[in-house]
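Let me begin by presenting the structure, written as structure tokens, before commenting on it.
Chains as they are written, first to last, in the numbering used here: chain A, 3 to 279; chain B, 519 to 942.
Right, dumping it as structure tokens:
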């Protein structure tokens with residue numbers, strides 16, 4: 003009994019250590035955002051406690067109006083990219099998993115190939131294409147650009163998840179008269195909900211953090227996403243480190259909220275059916 | 519969790535190369551266009567964008583914005599709006615946009631990007647649009663803004679490099695390089711560092727600016743105007759001096775410019791080689807900092823200068839409007855105000871420092887005197903290729919700094935790569 007307790011305590015401690023390592027940088031950002039200048043570079047003693055008397059810096063950042071606008075733009079771009087990637091990735095993953103067609107291997111390889119190219123390599127040709135189709139300086143243009151990078155990963159994740167669903171289930175549904183779209187919607191999708199949630203998290207974070215397309219394709223200040231807005235705090239000669247940390251923290255919050263929201267589905271999907279006989 | 523490893527770091531270096539490439543491609547298809555209007559008839563109503571990294575500086579940005587607002591209020595035809603381009607990727611972003619047929623109407627470039635853009639036909643020629651004699655433009659720096667006999671810009675800012683020092687930490691500024699090293703060592707104690715400079719690939723342009731002073735200060739040059747001399751003994755000597763200070767552990771290693779400049783402003787760094795624009799930023803960050811400026815104590819009295827031209831984008835649909843703002847800014851009254859915003863930098867035409875600014879910064883004349891010995895940070899004779907040569911040199915120098923090779927080997931490799939690049 004004592005051994006079991008010790009094992010549980012050790013595991014709990016290990017989890018706490020890992021959690022601490024993951025959270026500490028965020029906490030450090032919080033402490034730095036609230037630190038006065040003279041505290042920033044003191045190496046003889048480190049102040050680990052936040053100075054709450056300076057909490058107004060977060061209010062100042064939001065009162066500016068720009069930060070809220072950047073965050074809203076990022077939510078639109080990341081949300082749009084996620085919806086489009088999942089919407090296109092599901093049928094693509096399904097087709098790659100369940101159907102035999104000419105060029106299937108090439109499509110799979112092409113999806114992998116897109117991940118080998120850095121986006122900086124594609125920014126110039128994409129710029130020309132986007133200009134041709136009047137997609138520059140718009141949030142929907144950014145959504146398309148980000149989807150181009152997120153979709154292959156989403157499709158491959160979903161293909162892998164669908165591969166794991168027994169084909170007998172498809173065949174049984176077809177015997178009952180179900181056509182492929184119906185089989186996908188009624189049989190497959192509920193079973194791969196955790197994979198969809200995981201793919202959504204990846205697509206959302208990819209678009210949320212994206213910088214190169216955002217800084218190059220968007221000229222209008224009011225359309226900037228937060229990734230570009232935060233970089234704007236770095237000046238040529240002078241940089242307000244506390245402001246960057248404060249805005250950086252605000253920048254992480256919507257993404258964390260989305261993850262917490264999606265995580266529920268990941269967990270519920272993983273445990274679904276666990277108690278069925 | 520993210521889709522791929524952090525993209526920005528690797529993306530920026532690739533983007534830099536791509537941006538330069540696209541400008542060359544653009545040169546094949548789009549030569550400079552003629553001005554669309556007649557300046558004497560006045561500009562057509564328009565809203566134009568002005569991209570300047572200065573606008574993002576907490577110390578100088580608000581002052582420049584005020585000047586822009588003043589122009590906007592002075593007439594009702596043209597409205598100038600700041601373009602949103604963050605400083606860390608400013609050059610690459612604007613060059614990519616311009617190469618793609620877009621971009622801000624007006625740009626404040628650094629010299630390497632100016633050289634690339636002008637040789638690629640991305641800039642509007644200003645030969646008959648700017649009356650240099652009437653505007654009394656200072657000839658020294660102004661001459662660098664003409665390429666193949668055509669003017670492509672006017673001086674926005676000309677900031678000489680000098681030694682900034684904290685008078686409380688360094689009461690007696692060094693006069694020789696040996697004293698410089700010794701002072702840096704003596705000042706480094708606890709959380710205070712004797713010196714600070716850039717030393718990471720992420721700040722490639724900044725490292726180039728920093729090592730430029732060491733190379734010039736030890737009598738070297740990147741070329742003789744016709745041939746590259748990256749591996750010449752004098753260049754290597756200057757870079758070895760830079761490495762000596764790196765190895766002496768007198769700098770906050772790993773700290774970027776944003777961090778160590780903040781440290782200087784807070785009394786945590788004794789000395790820094792920086793340009794005149796830093797005066798305003800430093801005093802704005804800490805009005806009580808007891809600092810001064812003197813000539814860089816290297817053997818040769820020669821140093822880099824941050825020459826920043828203002829240019830008109832050849833793609834602009836409102837060139838007349840852009841020129842109207844440019845000419846307004848070049849008027850004597852506005853030049854005085856611009857210099858006030860920029861701090862110790864010079865502007866396009868001669869201006870007299872106010873008694874107030876001289877009282878606040880008595881070292882300003884010393885900075886102004888450096889204009890004659892200032893050298894823009896481009897490779898003489900290889901202006902358009904400067905950004906690529908910079909990448910090669912900085913990569914090799916930093917590899918030497920990390921102990922992967924000695925400095926002579928680094929520069930021999932850089933010379934070979936750069937020769938291949940320029941076709942020598």
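Beta carbons: idealized from backbone N, C-alpha and C, even for Gly.
What residues of chain B sit near residue i, judged by a beta carbon separation below 9 Å?
| i | result |
| --- | --- |
| residue 39 (chain A) | 780, 783, 784, 803 and 804 |
| residue 129 (chain A) | 540, 614, 615, 617, 618, 619 and 620 |
| residue 48 (chain A) | Residues of chain B passing the Cβ test: none, with the nearest at roughly 10 Å. |
For residue i, which of helix, strand or coil comes out of DSSP?
| i | result |
| --- | --- |
| residue 909 (chain B) | helix |
| residue 565 (chain B) | strand |
| residue 557 (chain B) | A caution first: residue 557 (chain B) carries a pLDDT of 46, below 50, which makes its placement in the model too unreliable to give a value. |
| residue 187 (chain A) | helix |
| residue 86 (chain A) | helix |
| residue 173 (chain A) | helix |
| residue 267 (chain A) | helix |
| residue 21 (chain A) | helix |
| residue 503 (chain B) | Chain B is shown from 519 up to 942; residue 503 (chain B) falls before or after that span and cannot be answered. |
| residue 674 (chain B) | strand |
| residue 790 (chain B) | strand |
| residue 856 (chain B) | helix |
| residue 707 (chain B) | strand |
| residue 684 (chain B) | strand |
| residue 641 (chain B) | strand |
| residue 14 (chain A) | helix |
| residue 570 (chain B) | strand |
| residue 167 (chain A) | coil |
| residue 608 (chain B) | helix |
| residue 669 (chain B) | strand |
| residue 810 (chain B) | strand |
Tell me which residue opens and which closes the beta strand (DSSP E) that residue i is part of.
| i | result |
| --- | --- |
| residue 597 (chain B) | 596 to 600 |
| residue 829 (chain B) | 821 to 830 |
| residue 626 (chain B) | 624 to 626 |
| residue 714 (chain B) | 711 to 714 |
| residue 892 (chain B) | 892 to 894 |
| residue 41 (chain A) | Here residue 41 (chain A) belongs to no beta strand (DSSP E); instead the alpha helix (DSSP H) covers 39 to 42. |
| residue 746 (chain B) | Looking at the DSSP string, residue 746 (chain B) is not in any beta strand (DSSP E), and its letter there is neither H nor E. |
| residue 801 (chain B) | Unbroken run through residue 801 (chain B) is the alpha helix (DSSP H), 796 to 803; no beta strand (DSSP E). |
Along the chain, where does the alpha helix (DSSP H) that runs through residue i open and close?
| i | result |
| --- | --- |
| residue 925 (chain B) | 925 to 940 |
| residue 207 (chain A) | 195 to 211 |
| residue 229 (chain A) | 228 to 233 |
| residue 869 (chain B) | It is not in any alpha helix (DSSP H) - residue 869 (chain B) carries neither H nor E in the DSSP assignment. |
| residue 757 (chain B) | 751 to 765 |
Could you work out which residues of chain A lie near residue i, taking near to mean beta carbons separated by less than 8 Å?
| i | result |
| --- | --- |
| residue 635 (chain B) | Neighbours of residue 635 (chain B) on chain A: none; closest Cβ ~15 Å, over 8 Å. |
| residue 920 (chain B) | Those within 8 Å of residue 920 (chain B) in chain A number zero; the least Cβ separation is about 23 Å. |
| residue 683 (chain B) | Under the 8 Å cutoff, chain A gives no residues; its nearest Cβ is about 17 Å from residue 683 (chain B). |
| residue 796 (chain B) | 239 |
Going along chain A, which residues have a C-beta under 7 Å from residue i?
| i | result |
| --- | --- |
| residue 601 (chain B) | 221 |
| residue 842 (chain B) | Here the premise fails: no neighbours, minimum Cβ distance about 21 Å. |
| residue 606 (chain B) | 233 and 236 |
| residue 571 (chain B) | 238 |
Please find out if some non-hydrogen atom of the ligand ATP comes closer than 6 Å to the beta-carbon of residue i.
| i | result |
| --- | --- |
| residue 868 (chain B) | Looking for the ligand ATP in the displayed structure turns up nothing, as the structure carries no ligands at all. |
My assumption, with CB atoms under 8 Å, is that residue i sits in contact with residue j. Please give the rounded CB distance.
| i | j | result |
| --- | --- | --- |
| residue 565 (chain B) | residue 601 (chain B) | Incorrect: roughly 12 Å between the Cβ atoms, too far for contact. |
| residue 561 (chain B) | residue 595 (chain B) | 6 Å |
| residue 749 (chain B) | residue 895 (chain B) | With 8 Å as the limit, residue 749 (chain B) and residue 895 (chain B) do not qualify as a contact, their Cβ atoms being about 19 Å apart. |
| residue 812 (chain B) | residue 681 (chain B) | 5 Å |
| residue 889 (chain B) | residue 678 (chain B) | 6 Å |
| residue 675 (chain B) | residue 917 (chain B) | Going by Cβ atoms, the distance from residue 675 (chain B) to residue 917 (chain B) rounds to 32 Å, so no, they are not a contact pair. |
| residue 903 (chain B) | residue 865 (chain B) | Actually they are not in contact, since the Cβ atoms of residue 903 (chain B) and residue 865 (chain B) sit about 29 Å apart, beyond 8 Å. |
| residue 815 (chain B) | residue 692 (chain B) | 5 Å |
| residue 2 (chain A) | residue 187 (chain A) | The requested residue 2 (chain A) does not occur in the structure, where chain A is confined to residues 3 to 279. |
| residue 203 (chain A) | residue 216 (chain A) | With a Cβ gap of about 20 Å, residue 203 (chain A) and residue 216 (chain A) do not count as contacting. |
Please compile the residues from chain B whose C-beta is within a distance smaller than 8 Å of the C-beta of residue i.
| i | result |
| --- | --- |
| residue 242 (chain A) | 576 |
| residue 181 (chain A) | Within 8 Å Cβ-Cβ: nothing; residue 181 (chain A) doesn't reach chain B, min ~33 Å. |
Quick one: which chain B residues come within Cβ less than 7 Å of residue i?
| i | result |
| --- | --- |
| residue 218 (chain A) | 611, 614 and 615 |
| residue 266 (chain A) | Going along chain B, no residue has its Cβ under 7 Å from residue 266 (chain A), so there is no contact; the nearest lies around 16 Å. |
(message) Under 8 Å, with one C-beta from each stretch per pair, do the region 82 to 98 of chain A and the region 56 to 68 of chain A reach the 3-pair mark?
(response) no
(request) Count the CB pairs spanning the region 908 to 928 of chain B and the region 718 to 731 of chain B that are closer than 8 Å, and state whether there are at least three. (result) yes
(message) Contact between the region 801 to 809 of chain B and the region 780 to 792 of chain B is defined here as three or more beta-carbon pairs at a separation below 8 Å; is this criterion met?
(response) yes
(request) Tell me, please, whether the region 54 to 65 of chain A touches the region 119 to 132 of chain A by the rule of three or more beta-carbon pairs shorter than 8 Å. (result) no
(request) Say whether the region 130 to 139 of chain A touches the region 608 to 627 of chain B, bearing in mind that this needs 3 or more beta-carbon pairs closer than 8 Å, one atom from each stretch. (result) yes
(message) For the structure I just gave you, are there three or more beta carbon pairs, one from the region 600 to 614 of chain B and one from the region 229 to 239 of chain A, closer than 8 Å?
(response) yes
(message) Taking 8 Å as the cut-off, does the region 767 to 774 of chain B touch the region 697 to 707 of chain B (at least 3 CB pairs, one atom from each stretch)?
(response) yes
(message) For the structure I just gave you, are there three or more beta carbon pairs, one from the region 204 to 223 of chain A and one from the region 142 to 157 of chain A, closer than 8 Å?
(response) yes
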